[in-house]
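K.L.:
Just so you know, the protein sequences line up as chains A and B, in that order.
Note that this note's numbering has the first sequence beginning at 4, numbered continuously upward.
Note that this note's numbering has the second sequence beginning at 818, numbered continuously upward.
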Amino acid sequence: DTEVTQTPKHLVMGMTNKKSLKCEQHMGHRAMYWYKQKAKKPPELMFVYSYEKLSINESVPSRFSPECPNSSLLNLHLHALQPEDSALYLCASSHQTGYGTDTQYFGPGTRLTVL
Amino acid sequence: QKEVEQNSGPLSVPEGAIASLNCTYSDRGSQSFFWYRQYSGKSPELIMSIYSNGDKEDGRFTAQLNKASQYVSLLIRDSQPSDSATYLCAVKIRGSQGNLIFGKGTKLSVKP
């Protein structure tokens with residue numbers, strides 16, 4: 004089973020709203036990732052959690068706030084977003100970041116629209 | 818600058834033909850190579866991974882890796898219209914904390 008789930012599938016929010024994206028995996032993976040993907044572009048890495056600790060923040064604006072409550076869950080809290088933040092937000096997980104054969108599996112994504 | 822290059826396409830092949838997708842990478846420290854398929858509006862789906870020089874086959878898909886030439890390819894035999902998608906090449910650098918470097922993707926169109 005290589006399933007990563009994400010909720011909600013679609014989200015529309017205003018620039019003053021606060022919302023959260025959720026991601027869950029039950030594969031025993033210890034690394035989880037948030038990516039942002041704009042149309043016709045490849046995924047861009049935002050954050051990496053390894054063993055529930057933030058290991059990479061790719062200079063993401065503070066209006067995006069990640070949280071990893073436990074090894075199976077990953078949240079992305081959103082506040083005061085801009086219309087240019089509209090994109091497909093992808094969660095991925097993998098066994099461990101340090102291994103060469105480590106493979107990332109993506110969830111279905113959340114389509115975010117900021118009005 | 819670590820780069821992964823792909824021809825953006827579109828690559829158009831007739832149904833039943835072999836589709837050949839190519840990818841080059843700049844960092845000789847690259848150790849793992851992945852091909853993801855992405856349908857429009859959907860998330861990337863892992864098709865193949867390859868770590869050693871040579872060929873790796875899985876059904877209609879064959880990945881080929883040549884580290885000396887810094888080149889990885891994906892062959893799709895007996896292409897079907899359902900193979901029409903964007904194919905993303907991704908590379909993992911040795912010692913990185915899980916970062917995947919993605920190419921911009923090649924759009925494949927299989928014509929019935």
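Just so you know, even glycine gets a beta-carbon here, dropped at the ideal spot from N, CA and C.
1. For the stretch 53 to 68 of chain A, which residues have a CB atom closer than 8 Å to at least one CB atom of chain B, in sequence order?
2. Please identify, using Cβ separations under 8 Å, the residues of the stretch 866 to 891 of chain B that lie next to chain A, in order along the chain.
3. In chain B, which residues lie with their C-beta within 9 Å of the C-beta of L93(A)?
4. For H98(A), report the span of its beta strand (DSSP E) as first-last.
5. Check this for me: beta carbons of K22(A) and M16(A), under 8 Å apart or not?
6. Going by DSSP, what residues sit across from C26(A) in a beta bridge?
7. Please decide whether F109(A) counts as near chain B, where near means a Cβ-Cβ distance under 8 Å.
8. When the Cα of G110(A) is compared with those of D88(A), S65(A), N20(A) and M30(A), which residue comes out closest?
9. Along chain A, in chain order, which residues have C-beta atoms closer than 9 Å to that of F851(B)?
10. Report back the beta-carbon spacing between C71(A) and M49(A) to the nearest angstrom; my notes put them in contact at under 8 Å.
11. How many Å lie between S896(B) and G833(B) at the Cα?
12. Could I get the ranges of all uninterrupted beta strand (DSSP E) runs contained in the stretch 863 to 906 of chain B, with 3 residues as the minimum, in chain order?
13. Hey, quick one: how far does the beta strand (DSSP E) through T113(A) stretch, first residue to last?
14. Report the neighbours of N839(B) on chain A: residues whose CB is nearer than 9 Å to its CB, in chain order.
15. Grab me the residues of D872(B)'s own chain with a C-beta within less than 6 Å of its C-beta, minus the 5 sequence neighbours each way, in chain order.
16. Sorted by chain position, which residues of the same chain lie with C-beta nearer than 8 Å to Q855(B)'s C-beta, five sequence neighbours on each side aside?
17. Quick one: using the 10 Å Cβ neighbour count with 16 as the cut-off for buried, is G112(A) buried or exposed?
18. Is S886(B) buried or exposed, if buried means 16 or more other CB atoms sit within 10 Å of its CB?
19. How long is the line joining the alpha carbons of S857(B) and L91(A), rounded to whole angstroms?
20. How big is the Cα-Cα spacing for P46(A) and Y853(B)?
21. Quick one, are the C-beta atoms of S926(B) and S837(B) less than 8 Å apart?
22. Locate the beta strand (DSSP E) running through A34(A), then write down its first and last residues.
23. From E820(B) to T106(A), what does the alpha carbon distance come to, in whole angstroms?
P.N.:
Concretely, from the data shown:
1. Cβ contacts with chain B: S53, S58 and I59.
2. Within the stretch 866 to 891 of chain B, those residues whose Cβ lies closer than 8 Å to any Cβ of chain A are, in chain order, S866 and Y868.
3. By Cβ distance, chain B contributes S860 and P861.
4. No beta strand (DSSP E) contains H98(A), which DSSP labels as neither H nor E.
5. Judged by beta-carbon spacing, M16(A) lies within the 8 Å limit of K22(A), meaning their Cβ atoms are closer than that value.
6. Per DSSP, the beta bridge partners of C26(A) are Q9(A) and L77(A).
7. Yes - at least one Cβ of chain B is within 8 Å of the one on F109(A).
8. Looking at D88(A), S65(A), N20(A) and M30(A), the one whose alpha-carbon comes closest to that of G110(A) is M30(A).
9. Under the 9 Å cutoff, chain A gives T106 and Q107.
10. About 13 Å separates the beta carbons of C71(A) and M49(A), which is beyond the 8 Å limit, so they are not a contact pair.
11. Cα to Cα, S896(B) sits roughly 5 Å from G833(B).
12. Fully enclosed beta strand (DSSP E) runs of no fewer than 3 residues occupy 871 to 875, 878 to 883 and 888 to 893 of the stretch 863 to 906 of chain B, in order along the chain.
13. Residues T113 to V117.
14. The contact set of N839(B) on chain A, defined by CB atoms closer than 9 Å, is empty, because the minimum CB distance reaches about 16 Å.
15. Annotation for D872(B): T879 and Q881 place their beta carbon closer than 6 Å to its own, counting only its chain and skipping 5 residues before and after.
16. Cβ within range, chain order: P861, E862, A902, T903, Y904, L905 and G922.
17. The residue in question, G112(A), is buried, as its Cβ has 16 or more Cβ neighbours within 10 Å.
18. When all chains shown are included, S886(B) counts as exposed.
19. Looking at the backbone, the Cα of S857(B) and that of L91(A) are separated by about 11 Å.
20. Taking the straight line from one Cα to the other gives about 11 Å.
21. Contact flag unset, no.
22. Run containing A34(A): A34 to Q40, per the beta strand (DSSP E) assignment.
23. So the two alpha carbons sit approximately 19 Å from each other.
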